[in-house]
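To keep things clear, I will list the structure first and then write my remarks on it.
Number of protein chains: 2
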Amino acid sequence: MNVVLQAWALDGIPEIAAGDDLVALIARAAGDTLADGDILVVTSKIVSKAEGRMIRADDREDAITAETVRVVATRTAASGHVTRIVENRLGIVSAAAGVDASNTPHGTVLLLPVDPDASARAIAAGLRGLLGVQVGVIVSDTLGRAWREGQTDHAIGAGGVVVMADLRGQTDAEGRPLVVTMPCVADELAATGDLVKGKASRRPVAVVRGRADLVGSLDLPGARSIVRPAERDFFHLGADEAYARGYAAGLDAR
Amino acid sequence: MNVVLQAWALDGIPEIAAGDDLVALIARAAGDTLADGDILVVTSKIVSKAEGRMIRADDREDAITAETVRVVATRTAASGHVTRIVENRLGIVSAAAGVDASNTPHGTVLLLPVDPDASARAIAAGLRGLLGVQVGVIVSDTLGRAWREGQTDHAIGAGGVVVMADLRGQTDAEGRPLVVTMPCVADELAATGDLVKGKASRRPVAVVRGRADLVGSLDLPGARSIVRPAERDFFHLGADEAYARGYAAGLDAR
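Quick note, the sequences are listed as chains A and B, same order.
Mapping of the first sequence onto this note's numbering: position 16 corresponds to residue 16, and the numbering continues sequentially without gaps.
Mapping of the second sequence onto this note's numbering: position 113 corresponds to residue 113, and the numbering continues sequentially without gaps.
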């Protein structure tokens, strides 16, 4: 295989409002350019807007609290600004629980889609039905990372596209098994999409062409399967928080 | 801007041995296909091999220990298998300190390049000089992540390419400042490269075309600047380790 990957952003997606038909809008923007095996990377923001997830919130912090299942880490800067790393309903660990106050009207915030995998599957199914092309869909969000500065786009929803290219069982060039390699291709596709979408522009949908091998049934596992359960994660709690819990337990154990 | 990104892997890179001239080998494999603004994503493995970083190691664990600056987290599975998340010389937090035993001859392991930023700059400078094209170079490695299953490729070296697209100071579509957005484009480029290289094949160099705006001076900050210093990281220590330290301190605090 000698993949030549192409990626571009769709022009002509209008500002999205609650109730808008994303399938129809994406299909119109794409025209007849989509082909079997194309993967659409759709910014979660427009999925949220179409699904009416914009809420009035004078206090963004209250909205974050409402979306938080579990506080993973918090830190207060000298300025008084509090950074909260939390696990949200979807199991995703991120700053601010995915509550977004950029590119929304003043006085409102945008929550993540209720079920981004279901959203991705619905968009994929809709486009397949409407256009007759076998496409996959990833719903992407911008997330920070432990240990590394900056953010990259990740897959928080997936429909009809392989999220993990499980290479376990394959062999390396020396013939030995590739035991632990499990590339998260969905996150890599989301990252590729970000390189062509641009955050400040109104081009929230990218098309990635060239990995048709990753496009398949709508029953494929969604992006929820990428989330590592907290009980299996070495970093399920911030270091300061874990230390504090240990300290309290140590005091009690005297 | 309406970026059309293209990415492909170079054919014809031979098995690399210590002392090989990567610039010449990449130039030969690329032929006359490279253009100003292309970004090459070079798998760290071949950089390490060319730099003679393959060492005999009957015990991979010893090699990991030697490369480790700081143990971040360890866990022993019921099987007795020990997973170690460590910070290596480069500040990178990963399993196994980047010590690689796949695609190397039996009885050997491969260490990361001594200075991947210097390697990337040298390859970029060499290709610019040899071919007369203004290319950027990223040296990539496959890393696991906190909170998410699987691995994605990340930038551990960068030469002549912007690693962080600092959008602070730009505004969103509503005219408000994008205050915290700092896309780590180098990691996104590395991820894109992985989608065309394929782990089991011998195609360790990808070309990404379409983001010439990210290619610039060889003096641009390297991938070392992506690494968040431990003292500023909420997850500088595994939760179990931090708890244990806290517990010990609590006991002592009587």
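Positions of the beta carbon are idealized from the N, C-alpha and C atoms, including for glycine.
Taking just the CA atoms, how far does residue j sit from residue i?
i: Arg202/B; j: Leu167/A; result: 15 Å
i: Leu34/A; j: Val4/A; result: 16 Å
i: Leu25/A; j: Val41/B; result: 35 Å
i: Thr76/B; j: Val82/B; result: 4 Å
i: Lys45/B; j: Leu111/B; result: 8 Å
i: Lys49/A; j: Ala18/A; result: 5 Å
i: Thr181/B; j: Arg128/B; result: 31 Å
i: Leu10/B; j: Gly52/B; result: 22 Å
i: Val207/A; j: Leu220/B; result: 30 Å
i: Phe235/B; j: Ile138/B; result: 26 Å
i: Gly37/B; j: Gly126/B; result: 15 Å
i: Pro183/B; j: Ala253/B; result: 43 Å
i: Ala124/A; j: Leu22/B; result: 43 Å
i: Asp240/A; j: Gly246/B; result: 9 Å
i: Asp117/B; j: Trp147/A; result: 18 Å
i: Thr74/A; j: Ile85/A; result: 6 Å
i: Leu189/B; j: Ile13/B; result: 20 Å
i: Leu131/B; j: Asp20/B; result: 18 Å
i: Asp115/A; j: Ser225/A; result: 13 Å
Should residue i be flagged as near chain A, meaning a C-beta pair shorter than 7 Å?
i: Thr192/B; result: yes
i: Ala182/B; result: According to the sequence displayed, residue 182/B carries Met and not Ala. Taking Cβ atoms only, chain A reaches closer than 7 Å to Met182/B, which makes this a yes.
i: Val93/B; result: yes
i: Ala7/B; result: yes
i: His236/B; result: yes
i: Met54/B; result: no
i: Ile226/B; result: yes
i: Asp233/B; result: yes
i: Leu195/B; result: yes
i: Arg209/B; result: no
i: Gly37/B; result: no
i: Asp187/B; result: yes
i: Val152/B; result: Reading off the sequence shown, one finds Thr at residue 152/B, where the question assumed Val. Yes, Thr152/B counts as interfacial toward chain A.
i: Glu267/B; result: One cannot answer for residue 267/B here, as it falls past the ends of chain B, which runs 1 to 254.
i: Ala146/B; result: yes
i: Gly246/B; result: yes
i: Ala239/B; result: yes
Helix, strand or coil: how does DSSP classify residue i here?
i: Thr31/B; result: What sits at residue 31/B in the sequence shown is Gly, not Thr. DSSP places Gly31/B in coil when its eight states are reduced to three.
i: Leu167/B; result: coil
i: Met1/A; result: Model confidence at Met1/A stands at a pLDDT of 44, short of 50, so the residue's coordinates are unreliable and nothing is read from them.
i: Glu61/B; result: helix
i: Thr181/B; result: coil
i: Thr192/A; result: helix
i: Leu214/B; result: helix
i: Ile16/B; result: coil
i: Ala73/B; result: strand
i: Glu231/B; result: helix
i: Ser225/A; result: helix
i: Arg202/A; result: coil
i: Val99/B; result: coil
i: Glu149/B; result: coil
Taking 7 Å as the limit between beta carbons, can you name the residues of its chain near residue i, skipping five residues before and five after?
i: Arg89/B; result: Glu67, Val69
i: Met1/B; result: For Met1/B, the predicted structure reports a pLDDT of 44, less than 50, and the residue's modelled location is therefore unreliable. The matter cannot be settled from this model.
i: Ser217/A; result: Gly160
i: Val109/A; result: Ile55, Ala57, Arg60, Ala63, Val99, Asp100, Ala101
Looking only at its chain, what residues have a beta carbon closer than 8 Å to the beta carbon of residue i, apart from the 5 residues adjacent to it on each side?
i: Leu195/A; result: Ala7
Answer with yes or no whether the minimum CB distance from residue i to chain B is below 7 Å.
i: Gly160/A; result: no
i: Leu251/A; result: yes
i: Ile85/A; result: yes
i: Leu90/A; result: no
i: Glu100/A; result: Reading off the sequence shown, one finds Asp at residue 100/A, where the question assumed Glu. Output row for Asp100/A: interface = no.
i: Gly157/A; result: no
i: Arg254/A; result: yes
i: Gly80/A; result: no
i: Ala77/A; result: no
i: Arg121/A; result: no
i: Ala24/A; result: no
i: Ala283/A; result: Outside the modelled stretch of chain A, which goes from 1 to 254, sits residue 283/A, for which no answer is possible.
Give me whichever residues DSSP pairs with residue i in a beta bridge.
i: Thr104/B; result: Thr104/B is not bridged to any residue.
i: Ile55/A; result: Val109/A
i: Asp117/B; result: Partner(s): none; Asp117/B has no beta bridge.
i: Asp141/A; result: His154/A
i: Gly159/B; result: Val137/B
i: Trp8/B; result: Val4/A, Val207/B
i: Ile39/A; result: Gly136/A, Val208/A
i: Val82/B; result: Thr76/B
So, for residue i: in the same chain, excluding its five sequence neighbours on each side, which residues have a beta-carbon less than 6 Å away from its beta-carbon?
i: Thr142/A; result: Gln151, Asp153
i: Asp187/A; result: His154, Ala155
inquiry  = Using a Cβ-Cβ cutoff of 8 Å, what residues of the region 125-141 of chain A are near chain D? List them in chain order.
reply    = Among the protein chains in the structure shown, which are A and B, there is no chain D.
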